[in-house]
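Participant: I'd like to ask you about the structure that follows.
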Amino acid sequence: MRRGPLSGASRIGLVLLRGLGDIVWGLAVVRALKRQNPGHHIHWIVHPMGAPLLIDHPDVDRVTTYDPGGGWSAGRKLRAELRSTYFDVLLNFTIYLHGFLPVVLARAGRRIGFGPDRARDGMWLLAGERLPAVARRHMQDEYLEFADVLGATIRPVEWRLPLTEAEIEQREQFVSTLDGRPCVATFATAGRPEKDWSVGRHAALAGELNRSLGATVVLLGGPGELENERARAIVQGAGVPVRNELGPDLRRMITLLSACDVVVAPDTGPVHIARALHVPVVGLYGHTDPARYGPYEEQHLVVDRYHYDADDLRSGWQGTGGRAGRMELIDVEDVLKRVHMAVKQTGTRDG
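Position in the sequence shown (from 1) plus 953 gives the number in the working numbering.
Below is the structure:
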């Protein structure tokens, strides 16, 4: 494939539809491209769920939303929006068939995507230029290959998730309610149940954090029925006050997350949002590999049971690529110890 810097300012399209973590990883790519040439015009095609991460972002010039589940009407709308658009380069990050239509409809001089080693459903056939096969590594590094092949300097890795003035005010109002105590955000529900830590251990952790650190524990997440069910059980079982701040507003979640001292979470998108906000993450990894999906280059606080093996423990490989039975190996004490480390490193608001 062609390698080297783009000649002058270019119109660059991105097809990266879904996954909050994936979108954060994509932001590091556009940051590198904008450092290469601030005149590059970045046009991102994204699922509506992830769009709040991109709207008014300083490195993204235009956002087009597309929901593959929206049927013919969504397809017609996308076609109309892309009809008058031409990209010098189209970067296709999607490896599954849901990204087919925007890639086909976009007019571009160059089309870069993953090769057959990583793309599925024949999506690699849509790439005129395919990234070479590499050994498995962190997904952020794999995404940065797109910037590297276009000659952009990928270091330092930056994401930029700025808050608006209204969000900064909302953040300060939230902080004022903490009375200087450390604030620990927890995400109790990941995208797949096999990645979740038990509700009972989340509740026990909340109680220990309150007693040992005087911490305010805040439950963050989306509005789903399962998320709310698990959150209610944690609040009831903790034996101490726990703030339930679940809700549908992604920007509000980002705002509250930015105000927290530490985040405790399994393998889920907000882990990478927290990393982009430079909030320490105590990651709970048993089902998936933290070296590939954990907080990028900040894994000293991760509880890693994915790589744990014992004579009496079955290998546990599942069709999803995860390992069964290892989230249960994460003890409350494992997590509590790392939260204490993080608070000691960062200090509290009282100094």
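Using N, Cα and C, we set each Cβ at its ideal position, and we do this for glycine too.
(1) What does the alpha-carbon distance come out to for the pair Ile1008 and Thr1130?
(2) Rounded to whole angstroms, how far is the Cβ of Arg1279 from the Cβ of Tyr1259, which I believe are closer than 8 angstroms?
(3) How big is the Cα-Cα spacing for Ile1107 and Gln1189?
(4) Met954 to Val1215, Cα distance in whole Å?
(5) Using a Cβ-Cβ cut-off of 6 angstroms (strictly less than) and excluding sequence neighbours within five positions of Asp1041, which residues of its own chain qualify?
(6) Helix, strand or coil for Leu1237? Go by DSSP, reduced to three states.
(7) Could you check where the beta strand (DSSP E) with Gly1062 kicks off and where it finishes?
(8) Threshold first: 3 residues or longer. Then list the beta strand (DSSP E) segments lying entirely within the segment 989-1032, N to C.
(9) Output the distance between the C-alpha atoms of Asp975 and Pro1243, rounded to the nearest integer angstrom.
(10) Is Pro1085 helix, strand or coil when you go by DSSP?
(11) Within a Cβ cutoff of 7 angstroms, which residues of the same chain sit near Thr1299, ignoring the five residues on either side of it in sequence?
(12) In terms of residues, what are the limits of the alpha helix (DSSP H) holding Pro1219?
(13) Going by the DSSP bridge assignment, what does Thr1169 pair with across the sheet?
(14) Can you list, in chain order, the residues of its chain whose CB lies under 6 angstroms from that of Tyr1049, leaving out five sequence neighbours each side?
(15) Between the C-alpha atoms of Asp1070 and Trp978, what's the straight-line distance to the nearest angstrom?
(16) Do Leu1103 and Thr1139 come within 7 angstroms of each other at the CB atom, strictly closer than that value?
(17) Can you give me the Cβ contacts of Ala1143 inside the same chain, cut-off strictly under 7 angstroms, excluding the 5 residues immediately before and after it?
(18) Within a Cβ cutoff of 6 angstroms, which residues of the same chain sit near Leu1289, ignoring the five residues on either side of it in sequence?
Facilitator: Let me lay it out:
(1) 29 angstroms
(2) 6 angstroms
(3) Approximately 46 angstroms between the Cα atoms of the pair.
(4) 42 angstroms
(5) Ser963, Arg964, Gly1062
(6) strand
(7) 1060-1067
(8) 994-999, 1015-1018
(9) Asp975 and Pro1243 have their C-alpha atoms some 15 angstroms from each other.
(10) Three-state DSSP puts Pro1085 in coil, outside helix and strand.
(11) Taken in chain order, the residues that qualify are Asp1214, Pro1233.
(12) No alpha helix (DSSP H) contains Pro1219, which is instead part of the beta strand (DSSP E) from 1215-1219.
(13) Beta-bridge pairing links Thr1169 to Cys1136.
(14) Arg1073, Asp1074
(15) 20 angstroms
(16) In this structure, the beta-carbon distance from Thr1139 to Leu1103 does not fall below 7 angstroms.
(17) Excluding sequence neighbours, Ala1143 sits near Asp1149, Pro1219, Asp1220, Thr1221.
(18) Glu1161
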